[in-house]
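Visitor: Read top to bottom, the protein sequences are chains P and Y. Heads up: the first sequence begins at 1 in full-length UniProt numbering, then just goes up one per residue. Heads up: the second sequence begins at 1 in full-length UniProt numbering, then just goes up one per residue. Handing you this structure, nothing more for now.
Number of protein chains: 2
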Amino acid sequence: MKLHNYFRSSASFRVRIALELKGLAYDYLPVHLVKGEHKSERYAAVSPSGLVPALETDSGEVIGQSMAIIEYLDETHPEPPLLPKDPLGRARVRALAQLIACEIHPLNNLRVLKYLVRDMKVTEEAKNTWYRHWVRSGLEAYEAELQRLPASTFSFGDTPSLADCCLVPQIFNGKRFDVDFSGLPRTMAAFDACMKLPAFQRAQPSNCPDNEG
Amino acid sequence: MKLHNYFRSSASFRVRIALELKGLAYDYLPVHLVKGEHKSERYAAVSPSGLVPALETDSGEVIGQSMAIIEYLDETHPEPPLLPKDPLGRARVRALAQLIACEIHPLNNLRVLKYLVRDMKVTEEAKNTWYRHWVRSGLEAYEAELQRLPASTFSFGDTPSLADCCLVPQIFNGKRFDVDFSGLPRTMAAFDACMKLPAFQRAQPSNCPDNEG
Chain P
1 MKLHNYFRSS ASFRVRIALE LKGLAYDYLP VHLVKGEHKS ERYAAVSPSG LVPALETDSG
61 EVIGQSMAII EYLDETHPEP PLLPKDPLGR ARVRALAQLI ACEIHPLNNL RVLKYLVRDM
121 KVTEEAKNTW YRHWVRSGLE AYEAELQRLP ASTFSFGDTP SLADCCLVPQ IFNGKRFDVD
181 FSGLPRTMAA FDACMKLPAF QRAQPSNCPD NEG
Chain Y
1 MKLHNYFRSS ASFRVRIALE LKGLAYDYLP VHLVKGEHKS ERYAAVSPSG LVPALETDSG
61 EVIGQSMAII EYLDETHPEP PLLPKDPLGR ARVRALAQLI ACEIHPLNNL RVLKYLVRDM
121 KVTEEAKNTW YRHWVRSGLE AYEAELQRLP ASTFSFGDTP SLADCCLVPQ IFNGKRFDVD
181 FSGLPRTMAA FDACMKLPAF QRAQPSNCPD NEG
């Protein structure tokens, strides 16, 4: 398999974690988002939507969207599972993942921040306030959802799941912008539990070949 | 089952479509987003994250996030299926759904538009330009993905799927803001095919009990 991705892309990071958790080898193909490589003709031939990450299977099929990729990996390489077996548990994990992937991250990715500054002409300070607002309020919602679930080591249960694949990159991302993580005990405990695992460590941006520090 | 939702919420509309496609009866519980009812204590007891929609199962479990709810419905009421059986087909449908639910809709929902106007003090015109920019560029990405897939009646294949549950509300939403839908032949053909089906018609905002026109 080949993963078209970028070291600092949170969505790419999610997929790298899943690949590492499942012990799957892959070729790392960097797509430099800041240099606009995702908008090149070469990349359009890989991913028509021009989005990163994209997983290229051994038979040459290209799959986009990080959560769709992770579910594909989970269905084709079931061990260790990244979703529970029962429908309610699966819904809980997917809803947690989507709280990050549909409520927080879309507001904070590179093209949105660029639009705010270049097209809307908002100040750097207003952009950073926007950023922190959505990460903080989104993580408060995540924490509120965790608080109603039984005690667990990770976001859901005692093994890492799709939810943790989404949570960890969001925390990394928030740290770069000095987001306040206080008062989020279960969320940060899940993050800490993840970061003790070699799979999460190996997948992090600082270990990527295109890492620029 | 009970669905906590709002007639004009795109994410609520997605779930209503899925319930109608599967022929499942449900109680319609309106949560008025513009009046802030989702932020009430009463609703926090239902949905800790305060987001709409939320599905309350017959055993009293509450599930949030529209795509998670629809997958839950598909797993617990498999007919008619809203996802293909094979992993690659499932990944294609999920990726299309996420192109809308993770790339377009999060930038255009009520709380984000409110933040732009109230907190960032952008003009009404700049807000509308922002809105159209993300819907248009997102649908162009959707169209580009459809163009590489085999010919089909709906977004993927010849039966409606999770992708169509997400597409149709996004088009409704875009129409309210006069988005340009030209040059999106496969996308709009899928939309038209959906709107011929009674399930999509029944689920639309104008048929909701809390519809304000």
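Glycine included, each C-beta is placed from N, C-alpha and C at the ideal position.
Please list the partners that Leu107 of chain P has in chain Y, where partner means a Cβ-to-Cβ separation under 8 Å.
Guide: Pro106, Leu107 and Val112
Visitor: Throw me the rounded Cβ distance for the Val34 of chain Y and Val46 of chain Y pair, which I believe falls under 8 Å.
Guide: Rounded, the Cβ-Cβ distance is 18 Å, inconsistent with contact.
Visitor: Is the beta carbon of Pro53 of chain Y closer than 8 Å to that of Pro209 of chain Y?
Guide: no
Visitor: With Asn5 of chain P as the anchor, note down where its beta strand (DSSP E) starts and where it stops.
Guide: Lys2 to Asn5
Visitor: By alpha-carbon positions, which one of P:Leu73, P:Pro106 and P:Gln65 ends up nearest to Val112 of chain Y?
Guide: P:Pro106
Visitor: What number of angstroms, rounded off, separates the C-alpha of Lys114 of chain Y from the C-alpha of Ser66 of chain Y?
Guide: 22 Å
Visitor: Out of Y:Lys196, Y:Arg94, Y:Ser49 and Y:Phe7, state which residue places its alpha-carbon closest to the alpha-carbon of Arg148 of chain P.
Guide: Y:Ser49
Visitor: According to DSSP, simplified to helix, strand and coil, what is Tyr28 of chain P?
Guide: strand
Visitor: Is there a Cβ from chain P that is less than 8 Å from the Cβ of Leu21 of chain Y?
Guide: Judged by the 8 Å Cβ criterion, Leu21 of chain Y is not in contact with chain P.
Visitor: Among P:Lys121, P:Ala44, P:Lys2 and P:Leu21, which residue has its Cα nearest to the Cα of Ser59 of chain P?
Guide: P:Lys2
Visitor: Have a look at the DSSP bridge pairing and note the partners of Ile63 of chain P.
Guide: Paired residues: P:Leu55.
Visitor: Please confirm whether Tyr142 of chain Y and Leu82 of chain Y have their CB atoms less than 8 Å apart.
Guide: No.
Visitor: Tell me, please, whether the CB atom of Gln170 of chain Y is closer than 8 Å to any CB atom in chain P?
Guide: no
Visitor: Take Ala203 of chain P and list the residues in its own chain whose beta-carbon comes closer than 7 Å to its own, dropping the five residues that flank it on each side.
Guide: Phe13, Arg16, Ile17 and Glu20
Visitor: Considering only their Cβ atoms, is the gap separating Cys166 of chain P from Ile69 of chain P smaller than 8 Å?
Guide: no
Visitor: Residues of chain P with CB under 7 Å from Pro84 of chain Y, in chain order?
Guide: Per Cβ cutoff of 7 Å: no residues; Pro84 of chain Y is ~11 Å from chain P at best.
Visitor: I'd like to know if Ser49 of chain Y contacts chain P, where contact means its C-beta is closer than 8 Å to some C-beta of that chain.
Guide: yes
Visitor: Starting from Leu88 of chain Y, trace the alpha helix (DSSP H) in both directions and tell me its first and last residue.
Guide: Note, Leu88 of chain Y: alpha helix (DSSP H), Pro87 to Ala101.
Visitor: Alpha carbon to alpha carbon, how far is Met120 of chain P from Asp119 of chain Y?
Guide: If you draw a straight line from the Cα of Met120 of chain P to the Cα of Asp119 of chain Y, it comes to about 14 Å.
Visitor: Indicate whether at least one CB of chain P lies closer than 8 Å to the CB of Pro87 of chain Y.
Guide: yes
Visitor: List, in chain order, every chain Y residue whose beta-carbon is nearer than 9 Å to that of Gln65 of chain P.
Guide: Ala91, Arg94, Ala95, Leu96, Ala97, Gln98, Leu99, Cys102 and Glu103
Visitor: Can you pull the chain Y residues whose beta carbon is under 7 Å from the beta carbon of Val122 of chain P, in chain order?
Guide: Under the 7 Å cutoff, chain Y gives Met120.
Visitor: Name the chain Y residues that come within less than 7 Å of Thr187 of chain P, Cβ to Cβ?
Guide: Result: empty, since nearest Cβ-Cβ is about 12 Å, beyond 7 Å.
Visitor: Cα separation between Leu55 of chain Y and Gly64 of chain Y?
Guide: 7 Å
Visitor: Alpha carbons only, please: which of Y:Val93, Y:Glu79, Y:Ile104 and Y:Val122 is nearest the one belonging to Glu71 of chain P?
Guide: Per the C-alpha coordinates, the member of Y:Val93, Y:Glu79, Y:Ile104 and Y:Val122 positioned closest to Glu71 of chain P is Y:Val93.
Visitor: Would a C-beta distance cut-off of 8 Å place Gln170 of chain Y and Ser10 of chain Y closer than the cut-off?
Guide: yes
Visitor: Under a three-way DSSP split, which group does Ile104 of chain P fall into?
Guide: coil
Visitor: For a cutoff of 8 Å on Cβ pairs, would you count Tyr72 of chain P as touching chain Y?
Guide: yes
Visitor: As a quick exercise: from P:Thr57, P:Leu51 and P:Ala189, pick the residue whose alpha carbon is nearest that of Val168 of chain P.
Guide: P:Ala189
Visitor: I'd like the list of long-range same chain contacts for Arg136 of chain P, defined as Cβ closer than 7 Å, with 5 residues on each side in sequence excluded.
Guide: Val179 and Asp180
Visitor: Between Asn108 of chain P and Leu116 of chain Y, what straight-line distance do the alpha-carbon atoms span, to the nearest angstrom?
Guide: 14 Å
Visitor: Which class does Val15 of chain P belong to by DSSP, given the choice of helix, strand or coil?
Guide: helix
Visitor: Any idea what DSSP makes of Leu38 of chain P, helix, strand or coil?
Guide: In the sequence under discussion, the amino acid at residue 38 of chain P is His, which differs from the Leu named in the question. Three-state result, His38 of chain P: helix.
Visitor: Identify which residue in Y:His4, Y:Glu37, Y:Leu51 and Y:Ala44 has its Cα closest to the Cα of Tyr28 of chain Y.
Guide: The candidate whose alpha carbon is nearest that of Tyr28 of chain Y is Y:His4.
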